[in-house]
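The numbering of the sequence shown is the UniProt record's numbering, which starts it at 1 and goes up by one.
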Amino acid sequence: MSCVLIVEDDAQIARALAVNLKARRYDVKLAKDGATALVLAANHHPDAVLLDLGLPDMDGVAVISGLRGWSNVPILVVSARHDGAQKILALDAGADDYVDKPFAMDELLARLRAALRRGAGTASVPVDETSRVVTSDGRLVIDLAETRVTLDGEAVRVTPIEWKILELFARNPDRLLSQRQLLARVWGPGYEEEKHYSRVYLSQLRHKLERYPSAPEWFRTEPGMGYRFTPNG
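This is the structure:
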């Protein structure tokens with residue numbers, strides 16, 4: 001039984017979410033504010049978080065940052081903030097998905113299931129003949145067998161979504177991947193038009209792994225076409 005933490009100060013919405021999740025045999029924890037959410041997350045280690053941004057004690061982005069300090073739990077923002085800059089801010093902080101209010105319950109549940117699959121998938125990555133990709137200078141190592149990334153010999157912490165992107169690149173070195181391909185393969189069918197997702201996560205990876213994020217050596221953008229991972233520079 002998967003545990004889902006609902007962080008929502010609107011009692012009616014929280015109740016509707018809890019009823020629907022419990023009916024589908026999810027274990028549900030409820031938090032009305034950010035501080036309670038962080039305590040519950042630390043105590044119960046949920047498998048996913050449904051998070052409103054407009055909380056009474058702190059902004060939801062601060063909750064995302066707090067969780068990302070120690071956890072890779074999938075975080076789905078469920079918010080009435082429709083501004084694109086707000087969405088990017090939440091995704092940049094470490095959210096995995098963003099659902100606008102008002103929302104269709106079926107769509108939200110589908111996105112939750114997809115997030116849980118992605119989170120579970122990071123625990124065991126299938127290994128093939130290319131289980132370890134090393135850049136030509138030896139600085140960056142993507143180890144698919146160990147689900148591990150190292151830069152200059154030091155482990156780099158990545159989120160589940162960032163790992164999915166790295167795995168896709170590692171299995172397709174020097175191959176052009178269109179933005180739609182990347183979105184469909186990492187987030188799933190129906191996400192092909194969510195272009196801000198790929199931009200945000202590629203930016204995060206570049207800042208973690210590239211020497212010069214604004215002039216990437218390995219994770220390159222092909223203008224108007226997509227992205228290419230070039231381990232040989």
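All C-beta atoms, glycine included, are put in the ideal place defined by N, C-alpha and C.
Let's test the definition: count the other Cβ atoms within 10 Å of the Cβ of residue 127 and tell me whether it reaches 16, buried, or not, exposed. Numbered from its first residue, the sequence shown carries residue 127 at position 127. Reliability of the predicted coordinates at residue 127 is poor, the pLDDT of 38 falling under 50, and no value is obtained from them.
Rounded to the nearest angstrom, what separates residue 166 and residue 142 at their Cα positions? If you number the sequence shown from 1, residue 166 lands on position 166. If you number the sequence shown from 1, residue 142 lands on position 142. The alpha-carbon atoms of residue 166 and residue 142 are separated by roughly 8 Å.
Whole angstroms are fine: how far does the CA of residue 28 sit from the CA of residue 47? On the sequence shown, position 47 is the one that residue 47 refers to. On the sequence shown, position 28 is the one that residue 28 refers to. Between residue 47 and residue 28, the C-alpha separation is close to 10 Å.
Write down the C-beta distance between residue 96 and residue 76 rounded to the nearest angstrom, noting that I regard them as a contact closer than 8 Å. For this step, residue 96 is matched to residue 96 along the sequence shown. For this step, residue 76 is matched to residue 76 along the sequence shown. Their Cβ separation, rounded to whole angstroms, is 6 Å, which keeps residue 96 and residue 76 in contact under 8 Å.
One question on the structure: do residue 60 and residue 53 come within less than 8 Å of each other, judged by their Cβ atoms? One-based indexing of the sequence shown puts residue 60 at position 60. One-based indexing of the sequence shown puts residue 53 at position 53. Yes, these two residues count as a Cβ contact at 8 Å.
Own chain, CB closer than 6 Å to residue 20, minus 5 neighbours either side, in chain order: Along the sequence shown, read from residue 1 onward, the residue named residue 20 stands at position 20. Counting only Cβ-Cβ distances below 6 Å, and skipping sequence neighbours, we find 105.
Measuring CB atoms only, is the region 22-42 touching the region 81-99, in the sense that at least three cross pairs come out at less than 8 Å? no
With a 10 Å radius around its C-beta and 16 neighbouring C-beta atoms as the bar for buried, classify residue 134 as buried or exposed. Walking along the sequence shown from the start, residue 134 turns up at place 134. Label assigned to residue 134: exposed.
Just grab the DSSP bridge partners of residue 6 for me. For the purposes of this step, residue 6 is identified with residue 6 of the sequence shown, where counting begins at 1. Beta-bridge pairing links residue 6 to 30 and 50.
When you compare only the Cα positions, how much space is there between residue 12 and residue 18? As a working mapping, residue 12 is identified with position 12 in the sequence shown. As a working mapping, residue 18 is identified with position 18 in the sequence shown. Taking the straight line from one Cα to the other gives about 10 Å.
Closest to residue 73 by C-alpha separation, out of 213, 204 and 160, would be which residue? What you label residue 73 is simply residue 73 of the sequence shown in a count that begins at 1. In terms of Cα proximity to residue 73, the closest of 213, 204 and 160 is 160.
From residue 10 to residue 65, what distance separates their C-alpha atoms? For the purposes of this step, residue 10 is identified with residue 10 of the sequence shown, where counting begins at 1. For the purposes of this step, residue 65 is identified with residue 65 of the sequence shown, where counting begins at 1. Distance between the alpha carbons of residue 10 and residue 65 is about 22 Å.
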